[in-house]
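Asks: Mapping to the working numbering: the sequence shown position 198 is 209, numbers consecutive. The C-beta atom is built at its ideal place from N, Cα and C for all residues, glycine as well.
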Amino acid sequence: MFSFGTRNVGIDLGTANTLVYIDGKGIVLREPSVVARNTKTNEVVAVGSEAKDMIGRTPGSIKAIRPMRDGVIADYETTVAMLKYYLGKALGGHSSRPYVTIGVPSGVTAVERRAVIDAARVAGARDAYVIEEPFAAAVGAGLPVMEPTGSMVVDMGGGTTDVATISLGGIVSSRSIRMAGNKLDESIMSYIRQKYSVLIGEQTSERLKIEIGSADVEAAKDMASTTVRGRDLVTGLPKTIEVLAEDVAIAMKDVIAEIIVAIKETLEETSPEIAADVIDHGIVLTGGGALLKHFDTVIAEATKVPVFVAPNPLDAVVIGTGEALKSIDVLKNN
12 MFSFGTRNVG IDLGTANTLV YIDGKGIVLR EPSVVARNTK TNEVVAVGSE AKDMIGRTPG
72 SIKAIRPMRD GVIADYETTV AMLKYYLGKA LGGHSSRPYV TIGVPSGVTA VERRAVIDAA
132 RVAGARDAYV IEEPFAAAVG AGLPVMEPTG SMVVDMGGGT TDVATISLGG IVSSRSIRMA
192 GNKLDESIMS YIRQKYSVLI GEQTSERLKI EIGSADVEAA KDMASTTVRG RDLVTGLPKT
252 IEVLAEDVAI AMKDVIAEII VAIKETLEET SPEIAADVID HGIVLTGGGA LLKHFDTVIA
312 EATKVPVFVA PNPLDAVVIG TGEALKSIDV LKNN
């Protein structure tokens, strides 16, 4: 490992949230991946939670941007500004330039991978390395990734769901689909608009998913409802409506179905030996999507394989990037 006073940093640069891990300290930062800019001066007005609170509430001169889309960089300059801010905040003015490991979806192109590395270097990293998110998630979840036994992880973040089987320190088969938390939010917004003729915002949709969202439509019928506020598309006036848990489950059904297809396809590509290991050890869920109610039981029913939620699903990827720092000299030679 590198020393000489240089801090090694692991980053989960997600579509929805960014987490930062410092070698020896653990997770030191957890913020939304949002930047607010003044469109006239191009100046960064706010980053993280403060910027997220501005979504849908800004005047014309200020725009709240999510610089990451579907797990990759959509706005390079804004991503650099966000990384620079978070590295400075996490390191607390520590002067030396850190070595950085960043998780990326397994389906990224060489160009997208290069963009992440370049952005980290411009933001202040001495050098940057990438690690595939499902592998990082498996490490962070404590799976025996270096052993000659098959493990399977489903990492559902904001922009992508990564599915992978892993053995002997490498990914055996994988799928990365752009169906994840943000798509669930969009589906809920669309369904509420169609059924109730009410337009709700991104943050309201996310709250519905977290509070009464279920991957199982039948189970949702026995769950509580909640009230939300939006704009009536007929009158144009504010309106409060009661939304059933069943509504939210129906809205998310198609996205959940696509994720299950990706899981089945990944299983179909694995060898009989690894498939047998997965049946023995089960599928492990990580990422924010792992917290969706009944997601584990729906996957278990569809695949006939036991499914478990990782101990700290939201932190698994960043913990995995942090663990990768212990082998940063190996990453450097790759």
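Consult DSSP for D81 and reduce its assignment to one of helix, strand or coil.
Replies: coil
Asks: Can you tell me whether G180 is buried or exposed, with buried defined as 16 or more other CB within 10 angstroms of its CB?
Replies: exposed
Asks: Just mark I221 as buried or exposed, buried being the case when its beta carbon has 16 or more other beta carbons within 10 Å.
Replies: exposed
Asks: Nearest by alpha-carbon distance to T50: which of I38, T69 and Y32 is it?
Replies: T69
Asks: Which residues bound the alpha helix (DSSP H) around D288?
Replies: From DSSP, the alpha helix (DSSP H) with D288 extends over P283 to H292.
Asks: For a test of the three-state rule: what should DSSP assign to T308, helix, strand or coil?
Replies: T308: helix per DSSP, three-state reduction.
Asks: Indicate the three-state DSSP secondary structure (helix, strand or coil) for P145 in the structure shown.
Replies: helix
Asks: Below 6 Å CB to CB, which residues in the same chain sit around K232 once its five sequence neighbours on both sides are set aside?
Replies: A distance below 6 Å between beta-carbons, with the five flanking residues on each side excluded, links K232 to the following residues of its chain, in chain order: E257.
Asks: Cβ of G71 within 8 Å of Cβ of G331?
Replies: no
Asks: Quick check on the DSSP output: what are the complete alpha helix (DSSP H) runs of length 4 or more inside the segment 17–78, in order along the chain?
Replies: 60–63
Asks: Could you give the residue range of the beta strand (DSSP E) that holds R124?
Replies: Here R124 belongs to no beta strand (DSSP E); instead the alpha helix (DSSP H) covers A121 to V133.
Asks: Look at the alpha carbon of S60 and the alpha carbon of E284, and state the distance between them as a whole number of angstroms.
Replies: 45 Å
Asks: For my contact list, D34 and L336 are in at a C-beta cut-off of 8 Å; report their separation, rounded to the angstrom.
Replies: 5 Å
Asks: Closer than 7 Å by C-beta to K100: which residues in its own chain qualify, once you throw out the five before and the five after it? Chain order, please.
Replies: Counting only Cβ-Cβ distances below 7 Å, and skipping sequence neighbours, we find L40.
Asks: Which residue marks the beginning of the alpha helix (DSSP H) containing T90, and which one marks its end?
Replies: Y87 to L102
Asks: At what residue ranges does the segment 211–262 contain a whole run of the alpha helix (DSSP H), taking only runs of 4 or more?
Replies: 213–223 and 228–231
Asks: Quick one: is G16 buried, meaning 16 or more other Cβ sit within 10 Å of its Cβ, or exposed?
Replies: Only weak support exists for where G16 lies, its pLDDT of 44 falling under 50; the coordinates are left without a value.
Asks: Taking the Cβ atom as the reference point for each residue, do V309 and G293 lie within a distance shorter than 8 Å?
Replies: no
Asks: For the beta strand (DSSP E) that G181 lies in, which residues bound it at each end?
Replies: G181 to I188
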